[in-house]
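Peer 1: In this text, residue positions in the sequence shown follow the working numbering: the first is 5, and each later residue adds one.
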Amino acid sequence: MTVRIGINGFGRIGKIVFRQLFERLKDKDVHFFINDLATPQQIRYALLFDTNYGSFNHQVISCEDRITINGQTIPIFKETSPESIPWDVDIVIESTGRFTALEKAKKHKARQKVIVTGPSKDIPMVVLGVNDTVLSERHKEISIASCTTNCLAPLARSIHEKFGIVEALMTTVHACTQSQLLVDGYREDLRDGRSAFQNIVPSSTGAAKAVGLVYPALKGKITGIAFRVPIATVSVVDLTVRLERKTSIEEILKHLIDQESGPLKGILGVSKEESVSSDFMGDSRSSIVDATSCVQLNECFYKLIAWYDNEWGYSSRVSDVVVDCITKMEKNL
């Protein structure tokens, strides 16, 4: 079976998802297409060399309107609106950040699925390990929420189902992103206009609110804030929870370890090492609990720490959804 995959937006997430899928789907008949305003030469260079994840170890050649990888041709379009892209694909990965509304995402007209790599107000959001059933529903357009929601939600759900969360506060210490500025400038949010590599920048985040959307049992029970810090990738969630039932940090960690090897395998992890952020670069899991940093105030009040590679880990969930979609296409032949 031939599968046609279009990637709209070849920035950080679009490129990483492509790299992952190129390896994961190498034994399948998959045709890739890219739509981005960058030139084929720029796309070739960005694909070959990545500061965070190293080189793409394949032969890449750029031409006027395409690149070739190991002889496989990948057409490149430069359209500004989804309905104008002439690619006739089964799956679209919408990673521009511009078409997160349902009305806009629908313009892609993919035969099977439009996968939006960011939170959406009106597209069903799926967080693997939390509400996977959304994938079995007949939604043509789905959102993979945000990287922080993908870290927070599996952890929060796991804790709530075992111990009950009365209320919680979340802080994410987040790596800088492409939207920030290297030197002071102007942004609608004034603090977002400050230099990314010279400051810790407080910022709002919808990640905690989104947890209540993908897992309604926690709606209204959790909120949070973000701090952008001058590192390239890997972020960390600090989740402070008040629990319904008395427990201990040892029991909580044992439960999370059971989840790691059970229903949340590949999604949630537990690290007992004395790790720092760079140790999790390239980690494909959504949420890695730092067992040595979790603390207890009393039998109902805890601070839980979870790392996540906000680029590679999040992209891995996008890739998982693409693979799931292809598997279902094959079963329906």
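Ideal Cβ placement from N, Cα and C applies to all residues, glycine included.
Report, in whole angstroms, the separation of the C-beta atoms of I292 and W311, which I expect to be a contact under 8 Å.
Peer 2: Yes, they are in contact, since the Cβ atoms of I292 and W311 sit about 5 Å apart, within 8 Å.
Peer 1: What residue range does the beta strand (DSSP E) around K307 cover?
Peer 2: 305-312
Peer 1: Is it buried or exposed for N74, if we count other Cβ within 10 angstroms and need 16 for buried?
Peer 2: exposed
Peer 1: To the nearest angstrom, how far is it from the Cα of L184 to the Cα of A212?
Peer 2: The sequence as given places Gln at residue 184; Leu does not occur at that position. In a straight line, the C-alpha of Q184 is about 21 Å away from that of A212.
Peer 1: What residue does the beta strand (DSSP E) around Q76 start on, and which one ends it?
Peer 2: 76-81
Peer 1: Determine the closest residue to F81 out of A114, L41, E192, E87, with distance taken between C-alpha atoms.
Peer 2: That would be L41, whose Cα lies nearest to the Cα of F81.
Peer 1: Return helix, strand or coil for T6, following the three-state DSSP convention.
Peer 2: Correct three-state label for T6: strand.
Peer 1: Ordered along the chain, which non-local residues of its own chain (more than five positions away) have a Cβ less than 6 Å from that of L308?
Peer 2: L243, C298
Peer 1: Identify every residue that forms a DSSP beta bridge with F37.
Peer 2: G10
Peer 1: Excluding five sequence neighbours on each side, which residues of the same chain lie with their C-beta closer than 7 Å to the C-beta of R191?
Peer 2: Around R191: G197.
Peer 1: Can you give me the C-alpha to C-alpha distance between E255 and L222, rounded to a whole angstrom?
Peer 2: 21 Å
Peer 1: Tell me, please, whether the stretch 194-210 touches the stretch 277-293 by the rule of three or more beta-carbon pairs shorter than 8 Å.
Peer 2: no
Peer 1: So, with DSSP's three-state summary, where would you put V205?
Peer 2: Note: V205 maps to strand in three-state DSSP.
Peer 1: Work out the CA separation of H259 and D277 for me, nearest whole Å.
Peer 2: Note that residue 277 corresponds to Glu in the displayed sequence, not to Asp. Taking the straight line joining both Cα atoms gives about 18 Å.
Peer 1: So what does DSSP say about K117, is it helix, strand or coil?
Peer 2: Look at K117 here: in three-state DSSP terms it is strand.
Peer 1: Quick one: what does DSSP say V215 is sitting in, helix, strand or coil?
Peer 2: helix
Peer 1: Rounded to the nearest angstrom, what separates T175 and F231 at their Cα positions?
Peer 2: 8 Å
Peer 1: Hey, could you find the ends of the alpha helix (DSSP H) M333 is sitting in?
Peer 2: 316-335
Peer 1: Excluding the five sequence neighbours on either side, which residues of its own chain have a C-beta within less than 7 Å of the C-beta of K250, listed in chain order?
Peer 2: E303, C304, listed in sequence order.
Peer 1: Count the other CB atoms within 10 Å of the CB of K113; is the residue buried (16 or more) or exposed (fewer)?
Peer 2: exposed
Peer 1: Classify H143 as helix, strand or coil using the three-state DSSP reduction.
Peer 2: coil
Peer 1: Could you tell me whether the Cβ atoms of G10 and V96 are closer together than 8 Å?
Peer 2: yes
Peer 1: Would you kindly work out how many angstroms separate the C-alpha atoms of E264 and E68, rounded to a whole number?
Peer 2: 47 Å
Peer 1: Taking 8 Å as the cut-off, does the stretch 149-161 touch the stretch 121-139 (at least 3 CB pairs, one atom from each stretch)?
Peer 2: A contact between stretches requires three or more CB pairs, one per stretch, nearer than 8 Å, and the stretch 121-139 meets this requirement with the stretch 149-161.
Peer 1: Assign F231 to one of three DSSP states: helix, strand, or coil.
Peer 2: Looking at F231 - three-state DSSP - the assignment turns out to be strand.
Peer 1: Count the other C-beta atoms from every protein chain shown that fall within 10 angstroms of the C-beta of I65, then say buried if there are 16 or more, exposed otherwise.
Peer 2: Exposed: under 16 other Cβ atoms inside 10 Å.
Peer 1: Considering just the uninterrupted stretch of the beta strand (DSSP E) at G273, what are its terminal residues?
Peer 2: 272-275
Peer 1: Relative to the alpha-carbon of V326, which residue among T227, K117, S162 has its alpha-carbon at the smallest distance?
Peer 2: K117
Peer 1: Taking K125 as the reference, give the member of Y318, E107, S140 with the closest Cα.
Peer 2: E107
Peer 1: Rank I253, P128, S85, P123 by C-alpha distance to the C-alpha of K111 and give the top, closest one.
Peer 2: S85
Peer 1: Between which two residues does the beta strand (DSSP E) holding V245 run?
Peer 2: 239-247
Peer 1: Going along the chain, which residues of its own chain have a beta-carbon closer than 8 Å to the beta-carbon of A105, five neighbours each way excluded?
Peer 2: Contacts found: S124, K125, D126, I127.
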